[in-house]
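Asker: Under full-length UniProt numbering, read the sequence shown as residues 1 to 102, first letter to last.
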Amino acid sequence: MPRWECTIEGCGETFDRVEDLIVHQSTAHERIECAVCGTVLPDGYFAIRHAFEEHTRAEYVRSYDASAADVRHRETVKETIEEAADIREVVDRLEGGDGRSF
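#1: Which two residues bound the contiguous beta strand (DSSP E) that contains VAL40?
#2: Any idea if ASP98 is buried or exposed, counting beta-carbon neighbours within 10 angstroms, 16 or more meaning buried?
#3: Do LEU41 and HIS55 count as a contact pair if the criterion is CB distance below 8 Å?
#4: Kindly indicate the opening and closing residues of the beta strand (DSSP E) around GLU33.
#5: HIS73: buried (16+ other C-beta within 10 angstroms of its C-beta) or exposed?
#6: Per DSSP, what are the beta-bridge partners of VAL14 in this structure?
#7: How long is the line joining the alpha carbons of HIS29 and ALA69, rounded to whole angstroms?
#8: Is VAL36 closer than 8 Å to ASP67 when the C-beta atoms are compared?
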């Protein structure tokens, strides 16, 4: 079974379950501000999902000074997580946890 690693700010903490990784990213790290629209949200998966579901790739590239390779990497991360994760479980855990919404 693959281990999931948190790469936010070189954190390096690993998890057996992707759901645990997403909860960790949402609760153990500072929230970030989207450079495109200013929305404040958890870093990691939720930030990537926001960027690619709410904004165009061109907006992302301009706002983050990103390359095509950066975009492809983040799209791959998003797809990999969504194929493996039970996002409903993550949302339920986050809503039932500290009351912070994302």
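Virtual Cβ for every residue (Gly too), placed ideally from N, Cα, C.
Answerer: Once the coordinates are examined:
#1: 40 to 42 is the span of the beta strand (DSSP E), which, as asked, contains VAL40.
#2: Since pLDDT at ASP98 reaches only 49, below the 50 mark, its modelled position is unreliable, and no value is offered.
#3: Remark: C-beta atoms of HIS55 and LEU41 do not approach each other more closely than 8 Å.
#4: Counting along the chain, the beta strand (DSSP E) containing GLU33 begins and ends at 31 to 33.
#5: Exposed, by the Cβ-count rule.
#6: The sequence shown places Thr at residue 14, rather than the Val named in the question. DSSP lists GLU5 as partners of THR14.
#7: C-alpha separation (whole angstroms): 25 Å.
#8: A small correction: the amino acid at residue 67 is Ser; Asp does not occupy that position in the sequence shown. Cβ atoms of SER67 and VAL36: not closer than 8 Å.
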